[in-house]
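One structure is given here, and the rest of the page talks about it.
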Amino acid sequence: MNHVATPGAGASGAGPGLEPGANPLGRWLTGPRFGALPAPAALPAPALSFEFFPPRTEALENQLWACIRRLEPLAPRFVSVTYGAGGTTQARTHATVSRIVRETALTPAAHLTCVGASCGEVDEVARQYWDAGVRHIVALRGDPPAGASDYAPHPQGYAYAADLVEGLRRIAPFEISVAAYPETHPSASSAEADLDNLKRKIDAGATRAITQYFFDTETFLRFIDRALAAGISVPIVPGIMPVSNFNQMRNFSARIGASVPDWMAALFEGLDDDIETRRMVAAVVAAEQVRLLQANGVDEFHFYTLNRPDLTYAIAHILGVRPTRPAEPASESGVAEEGKAEAASRQVG
1 MNHVATPGAG
11 ASGAGPGLEP
21 GANPLGRWLT
31 GPRFGALPAP
41 AALPAPALSF
51 EFFPPRTEAL
61 ENQLWACIRR
71 LEPLAPRFVS
81 VTYGAGGTTQ
91 ARTHATVSRI
101 VRETALTPAA
111 HLTCVGASCG
121 EVDEVARQYW
131 DAGVRHIVAL
141 RGDPPAGASD
151 YAPHPQGYAY
161 AADLVEGLRR
171 IAPFEISVAA
181 YPETHPSASS
191 AEADLDNLKR
201 KIDAGATRAI
211 TQYFFDTETF
221 LRFIDRALAA
231 GISVPIVPGI
241 MPVSNFNQMR
251 NFSARIGASV
261 PDWMAALFEG
271 LDDDIETRRM
281 VAAVVAAEQV
291 RLLQANGVDE
301 FHFYTLNRPD
311 LTYAIAHILG
321 VRPTRPAEPA
331 SESGVAEEGK
341 AEAASRQVG
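Counting in full-length UniProt numbering, the sequence shown runs from 1 upward without gaps.
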């Protein structure tokens, strides 16, 4: 569970007004916060997990399973399967997770949300997962259904993710992951309120937090500082988004409140029609982001694959993760626009 180094590791200064022997958390909170980028051989291979989304068509089903077969030999800690806005993919999520249990050696984690269902209905879905052999749930508040601008709890449902976590704890001893937001959830009134919400989810029984993707490493590390100061001690796993299409990613990031640094725009400038170079740049950017986080004590990462294995597999290779058996050959097929749009629908908690 060593998800981040002992407070003070990787800090490069004591910060204003602090002596070298001052409290290490204080140094983290006030001082420069970067370890240098190490040589690849200086770091162990990190633990990885992958996110998939349930397919809507037969073609996307084939694409998903090609992705799963390609990434399975990397032996991820777990793989998660998303749940559509308003609970629209419940049956497809369950079918995908159940097939993963039956046909692979992977450990699946099913996304489950509060939206559009009573507590009893959500509880029944959770029991079905348990009976199918699923022991890990990603508990989320969820997005409002299409056409609804604001979230409204179901009258007989779980209001928020913390309530859902409590309910799941009463059903079975699930491992429960929840969402975290290094740059603050867009609907939160403040960063402090957002962190309080995360603390409630942890106090309710969540065992891990997985973050929304981000591109500024120090943003995540400062978030860890604040979480530690708030008494949050469970692993906080950074979400990593390989950038296959920069313009699409930038537009989506603006909607969810994830900042995109200017240096990223400069790196991808002029590559709109150069897919191969974009992929190479994307792999290097994500691998360096992970290595910088490793240098600061982070040792577990969750990849948003968008049901495409190529970038994730290449990044894992750069990081020293090797297949436990021969991997399926890479597919050259692209992602249908339907799949891209669905993959971009990130759930909230």
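Every residue, glycine too, gets a C-beta built ideally from N, C-alpha and C.
Item, Value
"R70 beta carbon less than 8 Å from that of Y313", "yes"
"Environment of R27 [buried if 16+ CB atoms lie within 10 Å]", "Bear in mind that the predicted position of R27 carries a pLDDT of just 46, short of 50, making it too unreliable to give a figure here."
"Beta-carbon gap between S190 and G157 smaller than 8 Å", "no"
"S187 classed as buried or exposed, judged by whether at least 16 other C-beta atoms fall within 10 angstroms", "exposed"
"Range of the contiguous alpha helix (DSSP H) that encloses V97", "Q90 to E103"
"Per-residue burial, S233 [other beta carbons within 10 Å of its own, 16 or more giving buried]", "exposed"
"Beta-carbon contacts of E61 that lie in its chain and below 7 Å, excluding the five residues immediately before and after", "P55"
"Coarse secondary structure for H302, derived from DSSP in three states", "strand"
"Separation of T211 from P182, as counted between CA atoms", "7 Å"
"C-beta atoms of V101 and V81 nearer than 8 Å", "no"
"Span of the alpha helix (DSSP H) around Q212", "Note, Q212: premise wrong, no alpha helix (DSSP H); beta strand (DSSP E) at R208 to Y213."
"Where L319 sits in the DSSP three-state scheme", "coil"
"Test item: CB-CB of G231 and K201 under 8 Å", "no"
"Buried versus exposed, by CB contacts within 10 Å (16 or more), D150", "exposed"
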